[in-house]
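1 is the number of the first residue of the sequence shown in the working numbering; add one for each residue after it.
Heads up, the beta-carbon is just placed ideally off N, CA and C, and yes, glycines get one too.
Model, not experiment: these values are computed from the prediction.
First the structure, in the form of structure tokens, and then the observations on it.
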Amino acid sequence: MRRLKNPWLGIHGYNCFGCAPSNDNGVQMSFYEEGNEIISIWRPKAQFQGWINTLHGGIQSVLLDEICAWTVIRKSGKSGVTSRMETRFRKGISTLDKYLLIRAEILSERRNLVEIKARIFNEAGELCSEAKCQYFTFTQEQAPHMYSNPCEPVGEELTLEQAIALHLGAE
Numbered sequence: 001m002r003r004l005k006n007p008w009l010g011i012h013g014y015n016c017f018g019c020a021p022s023n024d025n026g027v028q029m030s031f032y033e034e035g036n037e038i039i040s041i042w043r044p045k046a047q048f049q050g051w052i053n054t055l056h057g058g059i060q061s062v063l064l065d066e067i068c069a070w071t072v073i074r075k076s077g078k079s080g081v082t083s084r085m086e087t088r089f090r091k092g093i094s095t096l097d098k099y100l101l102i103r104a105e106i107l108s109e110r111r112n113l114v115e116i117k118a119r120i121f122n123e124a125g126e127l128c129s130e131a132k133c134q135y136f137t138f139t140q141e142q143a144p145h146m147y148s149n150p151c152e153p154v155g156e157e158l159t160l161e162q163a164i165a166l167h168l169g170a171e
């Protein structure tokens, strides 16, 4: 797997709650590509809890939606917006976990609609929540500002274990 370059870094006004690394109030996700999946390794924080030591369901939805957006951008080569999201919460997520593993892949693509499946696993590998999202996509001609920089893999090939170790060491 290889890390994906954030195509919006350096763009004036970029402050995405999901993926802007400089947004201290956001979830600051970063992404990797492995085969047909996009993957994020994310550390839960107490500031995102709903109940004591439990990750808020709204934050889980943000994580699922954001990885779906990156999956559409990287795998379909288009930009888009969420038009529908169906989320299932299967198991509580502890904010004390060292990391969560979030995975997404495209299920289908028809004209300007892309359906994506995303899942959140705790550090024990248990499925905690999942979503099916439908994205309405735009062509480069319709939204040229969304295509200013490519979303491409950078750096060396890593195993999942190496990526987790690097991610945990960076925080």
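Between the alpha carbons of GLU157 and ILE164 lies a gap of roughly 13 Å.
A contact between stretches requires three or more CB pairs, one per stretch, nearer than 8 Å, and the segment 121-137 meets this requirement with the segment 84-92. Taking the Cα positions, GLY26 is about 14 Å away from LEU55.
If you check the CB distance, ARG74 and TYR32 do not come in under 8 Å. Assignment of beta-bridge partners to ARG119 by DSSP yields ARG103, GLU130. In the DSSP assignment, the residues bridged to GLN49 are LEU55. LEU101 places its beta carbon less than 8 Å from that of ILE41. When the five nearest sequence neighbours on each side are left out, the beta carbons in the same chain lying within less than 8 Å of the beta carbon of LEU113 are those of SER83, GLN134, TYR135, PHE136, THR137, in order along the chain. Under DSSP, THR82 forms a beta bridge with TYR135.
Under the 10 Å beta carbon count, LEU9 is surrounded by fewer than 16 other beta carbons and is classified as exposed. Rounded to the nearest whole angstrom, the C-alpha separation of ILE106 and GLY57 is 23 Å.
The beta carbon of GLY155 lies closer than 7 Å to those of ARG2, ARG3 in the same chain, with the five residues before and after it left out.
DSSP lists SER129 as the beta-bridge partner residues of PHE89.
In the three-state reduction of the DSSP assignment, LEU160 falls in the helix class.
DSSP places GLU141 in the coil class of the three-state scheme, outside both helix and strand.
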